[in-house]
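One structure is given here, and the rest of the page talks about it.
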Amino acid sequence: MEGQFGAHGVQEAVPVAHGAPMGLAALRSIGAVVEIAGSSSQVVFDAAALESHAGSPDAALANAGQVGSQIKMRVGSTWLIANVRSMKLAGQDRIAAQVDFLGEGDEERLTGKLYRFRRGVTRYPTPGCEVFPISTADLKQIYAAEDRAHIQIGTVYPTRDIRAALYVDAMLGKHFALLGSTGTGKSTAAALILHRICELAPQGHIVMIDPHGEYSAAFKTNGALFDVSNLQMPYWLMNFEEHCEVFLTTEGSARQVDADILGKCLLLAKGKNRLAQEIGKLTVDAPVPYLLSDLTAILQLEMGKMDKATDTAPYLRIRSKIEEIKGDPRFAFMFSGMLVADTMASFMARIFRLPGDGKPISIIDVSGVPSEITSVVVAVLSRMVFDFAIWSRNEPRRPVLLVCEEAHRYVPSERNADGSSVGRILSRIAKEGRKYGVSLGLITQRPSDLAEGVLSQCGTILSMRLNNERDQAFVKAAIPEGARGFLDSIPALRNRECIAVGEGVATPTRLVFDPLDEIKRPASADPLFSELWRETGGEDGILERTIKRWRSQGR
């Protein structure tokens, strides 16, 4: 092997053979392949050759041979591109590295330059094949956006001018996830991606569930903003399962008894509506308006019947819960007596942006929703997106993107599962949504708390820094083998940096997000304690106004 590698452990530049491209003569190899395997292979770098590139003005060449950087090797008239996964010392002036193959590109005959890069490898190199560093010109070819519809969201690391693109159709068609620990710039990155999508598709249909009220500030000009003051979501849009979550308080066998009673009375209450007369077979899940007063009256009537199968306790329980919710002003956005008209079409037109009128995104701020029914509200909105897609299959298609911030709250793993309907509908959208034109975007800081399989259903994963080891392991398990080298750098990413892998990118990419204008950023900035704790004055007014809002629950 010494003869093969030469004095420094790696052969010097190859003399130009007859018919060999001229560009190859100017290149100096930095190592050679020593072992080939299907996914991961091994190369040996010459430390002196790597050192000679370290001072290069080309950022890509200066980065040559580092973990996470790319290298290339020539097989016939093709350049193979590989990513450096790990490195270790292998004797004097030699460094052994594990590499993963990313793809290949054609070689220009006269200059030896790389062009027409595509993912996947058709031919592997043989041991002894020389390894060369990647230049910025090569990276431009690798990351050049194809003619497909795409959005540019940042720059490819370590360069400053190569744009990083996401292919919108591939990203949305197979769902995407944005992951990152608190404080890494996740909310701003989500706002940036959604702003770029809105610019590309001003007649789009995007519904975003915002649990903290952060995103309204970011989409004032191009979004429709909803909260408890103007959401006006009719209670009768709930299906039977969601009704049970809101109106039933018991567990175990008693819950089943209560559910049977509620189902029977609900069907009778819906049957009183004239719409029910037009429907041949009315089901308890059909979104038909009914009066809550009708439901309580029917419960009272059924309770008085002699042939009922149980005592009066279940009827009283359900009726008192309905009366309690009707009288609670916090629930007025959903259980108001004003929401009994058939407003389903206008509600869906507002929420799904049909038409969009230049505002393709709905921001639904659920921070003011009482915590006991937040999951039901999210479940109704998510299910309506899915049901709309199913029942409109014979119509001109209107795909909808559903973006769920703090996704681990709504699609929890089995150990955190609370049996709520929202987890089931979001899991179903993750598995089946793309067949019907529903795309799911999950944003979370705790991927390990997500339900099993949901993350693996996301075709594109954008991972910012994750500090927790379990989260890192969870993401690695959901990522294709060839991108593992990139994922090893997740704990070391800076703010605004991310690793993008999957269908939405040409090849696994480490990128730096573009800065976002102040007016387009979500209201998620951390408080500056050192500055704010120097301010004083006006505390009496602050307390008085706060207590007033507190007592009136924001009204």
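Count along the sequence shown from 1, add 134, and you get the number used in the working numbering. Cβ coordinates follow ideal geometry from the N, Cα and C atoms, glycine included. In this text, all values refer to a predicted model and were calculated from it rather than measured experimentally.
- Nearest to Ser658 by alpha-carbon distance, out of Glu348, Lys565, Val537 and Ala626, is Glu348.
- For His377, the enclosing alpha helix (DSSP H) starts and ends at Phe374 to Phe381.
- By the CB criterion at 9 angstroms, Ala585 and Ser554 fall outside the cutoff.
- For Val572, the enclosing beta strand (DSSP E) covers residues Val572 to Thr578.
- Counting along the chain, the unbroken alpha helix (DSSP H) around Tyr449 starts and ends at Ala447 to Gly461.
- Residue range Glu673 to Arg685 is occupied by the alpha helix (DSSP H) that includes Arg679.
- About 7 angstroms separates the beta carbon of Phe310 from that of Leu596, a gap short enough to meet the 8 angstroms contact definition.
- According to DSSP, residue pairing for Gly636 in a beta bridge involves Thr594.
- Only exposed fits Glu169, as fewer than 16 other CB atoms lie within 10 angstroms of its CB.
- Just so you know, the alpha carbons of Thr508 and Phe520 end up roughly 19 angstroms apart.
- In the three-state reduction of the DSSP assignment, Glu652 falls in the helix class.
- The beta carbons of Asn217 and Gln204 sit closer together than 9 angstroms.
- Beta-bridge partners assigned by DSSP to Gly239: Trp213.
- In the three-state scheme derived from DSSP, where H, G and I count as helix and E and B as strand, Leu584 is classed as strand.
- A straight-line Cα-Cα distance of about 7 angstroms links Lys320 and Met598.
- At a Cβ-Cβ threshold of 9 angstroms, Ile287 and Arg243 do not count as neighbours.
- With contact defined as three or more Cβ pairs closer than 8 angstroms, the segment 387–401 and the segment 521–536 are not in contact.
- Rounded to whole angstroms, the gap between the alpha carbons of Thr383 and Val503 is 19 angstroms.
- Taking the Cβ atoms as the reference, Leu214 lies roughly 5 angstroms from Met207, within the contact range of under 8 angstroms.
- Ranked by Cα distance from Leu273, the options Val255, Gly262 and Arg250 are led by Arg250.
- DSSP links Ser220 through a beta bridge to Gln232.
- In the DSSP annotation of this structure, the continuous segment of the beta strand (DSSP E) that includes Arg253 starts and ends at Leu248 to Arg253.
- The beta carbons of Arg630 and Pro649 sit closer together than 9 angstroms.
- Out of Met478, Gly461, Phe608 and Asn601, the CA that lies nearest to the CA of Pro581 is found in Phe608.
- The C-beta distance from Glu238 to Arg252 rounds to 7 angstroms, short enough to fall under 8 angstroms.
- With respect to the 9 angstroms criterion, Val534 and His346 are not classified as neighbours on the basis of their beta carbons.
- Put simply, of Ala278, Val635 and Arg644 the residue whose alpha carbon is nearest the alpha carbon of Ala626 is Arg644.
- Around the beta carbon of Gly557, 16 or more other beta carbons sit within 10 angstroms, so the residue counts as buried.
- Counting only residues of its own chain and dropping the five nearest sequence neighbours on each side, Arg297 has a CB closer than 8 angstroms to the CB of Tyr277, Ala279, Gln286, Gly288, Thr289 and Val290.
- Within the DSSP secondary-structure output, Cys538 pairs in a beta bridge with Ile343 and Leu576.
- Scanning its chain for C-beta atoms nearer than 6 angstroms, with the 5 sequence neighbours on each side dropped, one finds around Leu401 the residues Val418, in chain order.
- Looking at Ala271, Arg543, Leu328 and Arg487, the one whose alpha-carbon comes closest to that of His284 is Leu328.
- Membership of Ala358 in any alpha helix (DSSP H) is not indicated; the residue belongs instead to the beta strand (DSSP E) covering Gly357 to Phe360.
- In this structure, Pro368 lies away from Met518, with their beta-carbon atoms at least 9 angstroms apart.
- Of the residues Ile633, Gly638, Ser516 and Val572, the one whose Cα lies closest to the Cα of Gly593 is Gly638.
- Contact between Tyr424 and Lys406 holds, with the beta-carbon distance rounding to 7 angstroms and staying under 8 angstroms.
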